[in-house]
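If you count by our numbering, then the sequence shown holds residues 610 to 882, one letter each, in order.
Glycine residues also receive a C-beta, built at the ideal position from the N, C-alpha and C atoms.
Take a look at the structure set out below.
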Amino acid sequence: MKIKDHFLSQEEFEIIESETKGVFKTAPIPSNISKYYESEDYISHHQDTGSLKEKVYKFLQSFNLQYKKTILLDRIKKDSKVLDYGCGAGEFVKYIENDFETFGFEPNSDARNAAKNKTSKAKIIDDLSSIENQSLDAITLWHVFEHIENQKEMLDAFHSKLKEKGLLIIAVPNPTSYDAKHYKEFWAAYDVPRHIYHFSKNGMENLISKNPDWKLRKIKPLLLDSFYISMLSEKYKKSPLFWLKAVIHGTISNVKALFNTEFSSLIYIIEKR
């Protein structure tokens, strides 16, 4: 399938099968991929503009942040060590820094500086080697894993940083969800070429199951993602009343997923063996 970079460059890329069944890859991967991130919109909402759109976004974001924090609190003790890998402008590390000893890794200097200015307790880093091996209780990647090309190398690095039975929590979009099938080449969560990999639920299960270092413990949905992704997809289609159509199709996606578990985005809770 050919997909256009609707967000920035308008270039076309292909979605092809990877070596893992159910996992797909963007091709070709540009050698200068950093230029495809050169947009203020990709440093996620670190400026409070006071606009109605911003207020609505922050209101909905607060539910997502609490949901993510609850996933951690249900599984690890307070004051445990948590790394948010790809922390962006630092919303999540700020939200959990009073509950955990929190680290945020962010390679983008603008986003990293925004995170440093936002947090008071979390340690924001740009080098994973500054964290001791076998010192972390959990590592979270909220819509980050799909951006990583050298995934095997990174999984090995995460494994070395986690304590025994430490948790790796990965949230990624699901290209076999209803909204993905409905929007097809306009589905915003393909986000080529920034999203290098695309994980169906079976694909992620296959990826983890063939790696003896990890055990998949639980899969949970990110319910609000279907609405946000549908809204962006409708915008890419230049639809009138895009917000209304997004509510309709986001709702349909979640209702269908209650029966087939194919939510728009899925959270994989993985344990270190």
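When DSSP states are grouped into helix, strand and coil, L771 belongs to the strand group. Assignment of D788 by DSSP, reduced to helix, strand and coil, places it in the helix class.
Taken atom to atom, the span from the alpha-carbon of K730 to that of R684 is near 22 angstroms. DSSP lists K881 as the bridge partner or partners of W823.
A direct Cα-Cα distance of roughly 20 angstroms separates I625 from S874. The Cβ atoms of D822 and H768 lie closer than 9 angstroms to each other. Each residue's CA atom was taken as its position, placing I779 and L850 some 33 angstroms apart.
Residue state for T749 is assigned as strand, using DSSP reduced to three classes. Comparing C-alpha distances from L669 to each of S835, Y646, Y645 shows the shortest one belongs to S835.
For T635, the uninterrupted beta strand (DSSP E) segment begins and ends at 632-636. When DSSP reads this structure, Y799 sits in no beta bridge, so it has no partner. Secondary structure at A855: helix, using DSSP grouped into helix, strand and coil. In chain order, K613 place their CB closer than 8 angstroms to the CB of Q619, counting only its own chain and leaving out the 5 sequence neighbours on each side.
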